[in-house]
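Chains S and G supply the protein sequences, listed in that same order. Residue numbers for the first sequence follow full-length UniProt numbering, beginning at 1 and rising by one. Residue numbers for the second sequence follow full-length UniProt numbering, beginning at 1 and rising by one. Don't be surprised by glycine CBs; every beta carbon is placed ideally from N, CA and C. These numbers come from a predicted model, not from an experiment.
2 protein chains.
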Amino acid sequence: MPSESRSGRPPTIHTVAARAGVSKSLVSLVLQNSPNVSAQRREAVLAAMAELGYRPDPVARSLVQRRTRTIGVVIDDLSNPWYVDLLHELRPVLHEHGLRPLLADGRTEPDAVNALSDLRVDGIALVGTPSPSAVAQVNELAGRLPVVVAGSREPRLATVDLVANDDDAGARAVTAHLVELGHRRIAHIVGEGEVGLIRRAGYEATMHGAGLAPETAQGDWTENTGIRVAMDLLRADDRPTAIFAANDLAAVGVLTAADELGLRVPEDLSVAGYDDDFFSRMRRIALTTVDPHITDVGREAGEVLVARLSGDTRSTATRLLRPTLVVRSSTGPAPGH
Amino acid sequence: MPSESRSGRPPTIHTVAARAGVSKSLVSLVLQNSPNVSAQRREAVLAAMAELGYRPDPVARSLVQRRTRTIGVVIDDLSNPWYVDLLHELRPVLHEHGLRPLLADGRTEPDAVNALSDLRVDGIALVGTPSPSAVAQVNELAGRLPVVVAGSREPRLATVDLVANDDDAGARAVTAHLVELGHRRIAHIVGEGEVGLIRRAGYEATMHGAGLAPETAQGDWTENTGIRVAMDLLRADDRPTAIFAANDLAAVGVLTAADELGLRVPEDLSVAGYDDDFFSRMRRIALTTVDPHITDVGREAGEVLVARLSGDTRSTATRLLRPTLVVRSSTGPAPGH
DNA sequence: CTGAAAGCGCTTACAG
DNA sequence: CTGAAAGCGCTTACAG
Numbered sequence: 001m002p003s004e005s006r007s008g009r010p011p012t013i014h015t016v017a018a019r020a021g022v023s024k025s026l027v028s029l030v031l032q033n034s035p036n037v038s039a040q041r042r043e044a045v046l047a048a049m050a051e052l053g054y055r056p057d058p059v060a061r062s063l064v065q066r067r068t069r070t071i072g073v074v075i076d077d078l079s080n081p082w083y084v085d086l087l088h089e090l091r092p093v094l095h096e097h098g099l100r101p102l103l104a105d106g107r108t109e110p111d112a113v114n115a116l117s118d119l120r121v122d123g124i125a126l127v128g129t130p131s132p133s134a135v136a137q138v139n140e141l142a143g144r145l146p147v148v149v150a151g152s153r154e155p156r157l158a159t160v161d162l163v164a165n166d167d168d169a170g171a172r173a174v175t176a177h178l179v180e181l182g183h184r185r186i187a188h189i190v191g192e193g194e195v196g197l198i199r200r201a202g203y204e205a206t207m208h209g210a211g212l213a214p215e216t217a218q219g220d221w222t223e224n225t226g227i228r229v230a231m232d233l234l235r236a237d238d239r240p241t242a243i244f245a246a247n248d249l250a251a252v253g254v255l256t257a258a259d260e261l262g263l264r265v266p267e268d269l270s271v272a273g274y275d276d277d278f279f280s281r282m283r284r285i286a287l288t289t290v291d292p293h294i295t296d297v298g299r300e301a302g303e304v305l306v307a308r309l310s311g312d313t314r315s316t317a318t319r320l321l322r323p324t325l326v327v328r329s330s331t332g333p334a335p336g337h
Numbered sequence: 001m002p003s004e005s006r007s008g009r010p011p012t013i014h015t016v017a018a019r020a021g022v023s024k025s026l027v028s029l030v031l032q033n034s035p036n037v038s039a040q041r042r043e044a045v046l047a048a049m050a051e052l053g054y055r056p057d058p059v060a061r062s063l064v065q066r067r068t069r070t071i072g073v074v075i076d077d078l079s080n081p082w083y084v085d086l087l088h089e090l091r092p093v094l095h096e097h098g099l100r101p102l103l104a105d106g107r108t109e110p111d112a113v114n115a116l117s118d119l120r121v122d123g124i125a126l127v128g129t130p131s132p133s134a135v136a137q138v139n140e141l142a143g144r145l146p147v148v149v150a151g152s153r154e155p156r157l158a159t160v161d162l163v164a165n166d167d168d169a170g171a172r173a174v175t176a177h178l179v180e181l182g183h184r185r186i187a188h189i190v191g192e193g194e195v196g197l198i199r200r201a202g203y204e205a206t207m208h209g210a211g212l213a214p215e216t217a218q219g220d221w222t223e224n225t226g227i228r229v230a231m232d233l234l235r236a237d238d239r240p241t242a243i244f245a246a247n248d249l250a251a252v253g254v255l256t257a258a259d260e261l262g263l264r265v266p267e268d269l270s271v272a273g274y275d276d277d278f279f280s281r282m283r284r285i286a287l288t289t290v291d292p293h294i295t296d297v298g299r300e301a302g303e304v305l306v307a308r309l310s311g312d313t314r315s316t317a318t319r320l321l322r323p324t325l326v327v328r329s330s331t332g333p334a335p336g337h
């Protein structure tokens, strides 16, 4: 093992300098690819580094450079796998720029934003609908740290960039799809937070535009609530012939409720969701839904953060990606059509 | 904003000391709850900290203490949501001990272990089947850093703790369940790596014990391969009446293949998986499977790491949690029983 | 092109 | 109980 000195500690620039017969400063310059180093000395230093297995200590570097090359990622709810696709594209963007995600669960860690800020992260990404405490803490940061919100529509602060999909357009598209299939009684299970409100508004606008009466029931983002709410809706005398749930997890709950009540999908009931979660693609589920291009949201959120870190001082903005309607076999013509 | 000094930089122990009229060392002692500080001075320091909004810089602390309170978490494949439940319990354990997970994707980042080690993480958790390069890098670490493997059965190195479920027992339980249902032709779709081999061995042992001939087909952990392999198996003249797939994702592929071929589940074909992934609980899927208690695996992995960091020097060990058979509606009596 | 010095914000012995 | 000093491993002006 050439990588350890006699002291048992990993080599430092000091060790390298001694080995190469130069000063510590010179080693540092080589480390930073400074052009002001003669080829001969550069070679000597590089050779010494290789022999010793030298790896620069990022902690020391962080201390003097005042940046940790670390991004705090606060995920609203680590147990909801919705964030998986988003993280999948966010991480490589950070990685390309020498940044790493430091994870926190916003749900179980109300102080996450402050904690990450104390840790001197270089920036923060809020993934999913942030908790009120997270919003308050971001507000207090007052732009001292770049913050990007990914996949949510709040908070809309002057100091925060936001990347999401156009929830209004998505909700309109899926509602219009159901209207075109001849459905008149189309219920909507409402989601939480700003995203829930926007999807609901898109649904209502489309219903009104078609001369139909909206019918909403409050839900959340979970499958269980989807089951419960759908049960109530479907047991009514004049039950809807279509249900648009605010997300796929809730829509799967609707499927379950329909199975439970002996209703065939889509013959007796059309079901649509939102998010295009990976399980929605399973043929057993085959859910009509809206693809919010969440991996693109993740990538763009990473790019925004990277740009801010490299000095982009343009005013913060909201970027809305255009979502796509994905028609699968959970929706079909209204009964009698 | 009382938290910033005129210089625009956050307050340091120096600022606090000046404000409280004491030396820097004293501030440091207060920070560490040293008993050797008079109540009066302690109060003065605490008050100064509060007024200034002082937050100790963990970077400086890391440099001198030689630990970053950060754990590198290498997830074999960030796009396979299998790890979600594991992370869900691993993170809180770390958090309770002032540690945070620094994420890496083992699949897209072959150098992840070295990179995290260079970053001076205090320990490493390998989640899922590690890549060969990750194994090699862990081997090179030679115990310089505590490493725990969670949810996999490899590598079995003298320097590595391992927490997983008893894949052999789980595979035996699910196979026995199918045998008891009267199935004679039970095929197994084999998974990858050591875990795949162990589950296969459990299946084969149980088949032999029941006087039945094992029938295996090589798969991987994906749904698509599950579909393809199941198609081949089910199109054969003497098709199996039951298929045990090495994980739930592949089992869902089997369900899809069965639907495609017009086979009813479980009347014509019983299907079982392994992992009890969250989608398996959806009533549309309702997969008979093995619950490996992955959240417990995550928690124990975290506890092992924490123990190592607090000086536990007992020889490394493998902990195998007892898995549980979960019978749902995808399995039933063999045709004719 | 190169080296000696100062400093990043802490902690840790070491004296008193 | 308290303070002055050294040092963690780097980078950053600053002289030559």
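Please report the distance separating the alpha-carbon of Ser3/G from that of Arg153/S.
As a first step, residue 3/G must be located in the second sequence, where it is residue number 3. As a first step, residue 153/S must be located in the first sequence, where it is residue number 153. For Ser3/G, the pLDDT reaches just 42, beneath the cut-off of 50, and the residue's location in the model is therefore unreliable, although a value from the coordinates is still provided. Taking the straight line joining both Cα atoms gives about 30 Å.
What residues from the stretch 98 to 125 of chain S come within 9 Å of chain G, judged by C-beta to C-beta, listed N to C?
Answer set for the stretch 98 to 125 of chain S: Arg100, Pro101, Leu102, Leu103, Ala104, Asp105, Thr108, Glu109, Asn114, Ala115, Leu116, Ser117, Asp118, Leu119, Arg120.
Tell me the DSSP secondary structure of Gly143/S in three-state form.
Counting from 1 along the first sequence, the entry for residue 143/S is found at position 143. Gly143/S falls in the coil class under three-state DSSP.
If we cut at 8 Å on Cβ distances, does Ser330/S have a partner in chain G?
On the first sequence, position 330 is the one that residue 330/S refers to. Not closer than 8 Å to any Cβ of chain G, the Cβ of Ser330/S fails to qualify, so no.
Using a cut-off of 9 Å between C-beta atoms, extract the partners of Asp259/S located in chain G.
Walking along the first sequence from the start, residue 259/S turns up at place 259. In chain order: Arg283, Arg284.
What number of angstroms, rounded off, separates the C-alpha of Trp82/S from the C-alpha of Asp277/S?
In the first sequence, counting from the first residue as 1, residue 82/S sits at position 82. In the first sequence, counting from the first residue as 1, residue 277/S sits at position 277. Cα to Cα, the separation comes out at about 7 Å.
Below 8 Å, can you find three or more Cβ-Cβ pairs linking the stretch 232 to 246 of chain G to the stretch 189 to 197 of chain G?
Yes, the stretch 232 to 246 of chain G is in contact with the stretch 189 to 197 of chain G.
Is the stretch 166 to 179 of chain G in contact with the stretch 107 to 122 of chain G, if contact means three or more CB pairs nearer than 8 Å?
Judged by Cβ distances under 8 Å, the stretch 166 to 179 of chain G makes no contact with the stretch 107 to 122 of chain G, as fewer than three pairs qualify.
Closer than 7 Å between beta carbons: that is the criterion. Which residues of the stretch 55 to 70 of chain S meet it against chain G?
So the list reads Arg55, Asp57, Pro58, Val59, Ala60, Ser62, Leu63, Thr68, given in the order they occur along the chain.
Report yes or no: is there a C-beta of chain S within less than 8 Å of the C-beta of Arg91/G?
The residue given as residue 91/G occupies position 91 in the second sequence. Using a CB distance cut-off of 8 Å, Arg91/G counts as an interface residue toward chain S.
Measure the alpha-carbon distance for Thr70/S versus Arg184/G and round it to whole angstroms.
Taking the first sequence and counting its residues from 1, the one referred to as residue 70/S is at position 70. Taking the second sequence and counting its residues from 1, the one referred to as residue 184/G is at position 184. Pairing Thr70/S with Arg184/G, the inter-Cα distance amounts to about 56 Å.
Length at least 4, wholly inside the stretch 33 to 116 of chain S: the alpha helix (DSSP H) runs in chain order:
For the stretch 33 to 116 of chain S, whole alpha helix (DSSP H) runs of length 4 or above, ordered along the chain, are 39 to 52, 58 to 65, 83 to 96.
State the DSSP-derived secondary structure class of Thr324/G, mapped to helix, strand or coil.
Residue mapping note: residue 324/G aligns to position 324 of the second sequence, counting from 1. Strand at Thr324/G.
Short of 6 Å in beta carbon distance, which residues of its chain neighbour Tyr126/G, apart from the five on each side in sequence? Order them along the chain.
Taking the second sequence and counting its residues from 1, the one referred to as residue 126/G is at position 126. Note that residue 126/G is Leu in the sequence shown, not Tyr. Contacts found: Val74, Val149.
Taking the Cβ atom as the reference point for each residue, do Ser330/G and Leu287/G lie within a distance shorter than 8 Å?
Counting from 1 along the second sequence, the entry for residue 330/G is found at position 330. Counting from 1 along the second sequence, the entry for residue 287/G is found at position 287. Leu287/G is positioned such that its CB atom lies closer than 8 Å to that of Ser330/G.
Who are the neighbours of Val84/S on chain G, taking C-beta pairs under 8 Å?
If you number the first sequence from 1, residue 84/S lands on position 84. Correct list: Leu78, Ser79, Pro81, Val84.
Does any residue of chain S bring its CB to less than 8 Å from the CB of Leu255/G?
Within the second sequence, residue 255/G is the residue found at index 255, counting from 1. With its beta carbon less than 8 Å from one in chain S, Leu255/G belongs to the interface.
Using three-state DSSP, classify Ser7/S as helix, strand or coil.
Along the first sequence, one-based indexing puts residue 7/S at 7. Summary for Ser7/S: the model assigns pLDDT 49, below 50, so the residue's position carries little reliability; its value from the coordinates is reported in the next sentence. Looking at Ser7/S - three-state DSSP - the assignment turns out to be coil, as it is neither helix nor strand.
Does His293/G come within less than 8 Å of chain S when only Cβ atoms are used?
Working through the second sequence from its first residue, we reach residue 293/G at position 293. Cβ-Cβ to chain S under 8 Å: no for His293/G.
For a test of the three-state rule: what should DSSP assign to Ala17/S, helix, strand or coil?
In the first sequence, residue 17/S corresponds to position 17, counting from 1. In this structure, DSSP gives Ala17/S a helical state, which the three-state scheme calls helix.
Would you say Val74/G faces chain S, with C-beta separation under 8 Å as the test?
Stepping through the second sequence from its first residue, residue 74/G is reached at position 74. Using a CB distance cut-off of 8 Å, Val74/G does not count as an interface residue toward chain S.
Looking only at its chain, what residues have a beta carbon closer than 7 Å to the beta carbon of His97/G, apart from the 5 residues adjacent to it on each side?
Looking up residue 97/G in the second sequence gives position 97. The residues are Val306.
On the premise that Gly211/G lies in contact with Pro333/G, defined as a C-beta separation below 8 Å, what is that separation, rounded to the nearest angstrom?
The sequence position of residue 333/G within the second sequence is 333, counting from 1. The sequence position of residue 211/G within the second sequence is 211, counting from 1. Contact between Pro333/G and Gly211/G does not hold, since the beta-carbon distance rounds to 19 Å and is not under 8 Å.
Tell me which residue opens and which closes the beta strand (DSSP E) that Ile227/S is part of.
Here residue 227/S is taken as the residue at index 227 of the first sequence, counted from 1. Where Ile227/S is concerned, there is no enclosing beta strand (DSSP E), although the alpha helix (DSSP H) it sits in stretches over 223 to 235.
Here's a check: name, in chain order, each residue in its chain whose Cβ is nearer than 7 Å to the Cβ of Val297/G, leaving out the five neighbours to either side.
Your numbering for residue 297/G matches position 297 in the second sequence. Excluding sequence neighbours, Val297/G sits near Leu86, Ala150, Gly151, Val163, Ala164, Asn165, Leu321.
Please report the distance separating the alpha-carbon of Arg156/S from that of Ala217/G.
Taking the first sequence and counting its residues from 1, one reaches residue 156/S at position 156. Taking the second sequence and counting its residues from 1, one reaches residue 217/G at position 217. When rounded, the distance between both Cα atoms is 53 Å.
Spatial distance of residue 343/G from Glu89/G (CA atoms):
The structure shown does not extend to residue 343/G, since chain G is modelled only from 1 to 337, so the question has no answer here.
Could you give the distance in angstroms between the alpha-carbon of Thr293/G and the alpha-carbon of Val304/S?
Residue numbering aside, residue 293/G sits at position 293 when the second sequence is read from its first letter. Residue numbering aside, residue 304/S sits at position 304 when the first sequence is read from its first letter. Here residue 293/G is His; the residue named in the question, Thr, does not match the sequence. Whole-angstrom Cα-Cα distance: 39 Å.
If you draw a straight line from the C-alpha of Glu223/S to the C-alpha of Asn224/G, how long is it?
For the purposes of this step, residue 223/S is taken as residue 223 along the first sequence, with counting starting at 1. For the purposes of this step, residue 224/G is taken as residue 224 along the second sequence, with counting starting at 1. If you draw a straight line from the Cα of Glu223/S to the Cα of Asn224/G, it comes to about 25 Å.
Could you check what DSSP says for residue 425/S in three-state terms: helix, strand or coil?
Because residue 425/S is not part of the residues shown, which for chain S are 1 to 337, the question remains open.
Looking only at its chain, what residues have a beta carbon closer than 8 Å to the beta carbon of Leu261/G, apart from the 5 residues adjacent to it on each side?
The sequence position of residue 261/G within the second sequence is 261, counting from 1. Around Leu261/G: Met231, Leu234, Arg235.
Same chain, Cβ closer than 7 Å to Asn80/G, neighbours up to 5 away in sequence not counted
If you number the second sequence from 1, residue 80/G lands on position 80. Excluding residues within five positions, the ones whose Cβ falls inside 7 Å are Trp221.
Would you kindly work out how many angstroms separate the C-alpha atoms of Ser5/S and Thr12/S, rounded to a whole number?
In the first sequence, the residue the question calls residue 5/S occupies position 5. In the first sequence, the residue the question calls residue 12/S occupies position 12. Legend: pLDDT at Ser5/S = 41, less than 50; position of this residue unreliable, value from coordinates given subsequently. Their Cα atoms are separated by approximately 10 Å.
Cβ of His188/S within 8 Å of any chain G Cβ
For the purposes of this step, residue 188/S is identified with residue 188 of the first sequence, where counting begins at 1. With a threshold of 8 Å between beta carbons, His188/S makes no contact with chain G.
To which residues of the same chain is Ala205/G closer than 7 Å at the C-beta, ignoring the five residues directly before and after it?
Start at 1 with the first residue of the second sequence, and residue 205/G comes out as number 205. Answer for Ala205/G: Arg172, listed in chain order.
Indicate the three-state DSSP secondary structure (helix, strand or coil) for Val265/S in the structure shown.
The sequence position of residue 265/S within the first sequence is 265, counting from 1. If DSSP states are grouped into helix, strand and coil, Val265/S belongs with coil.
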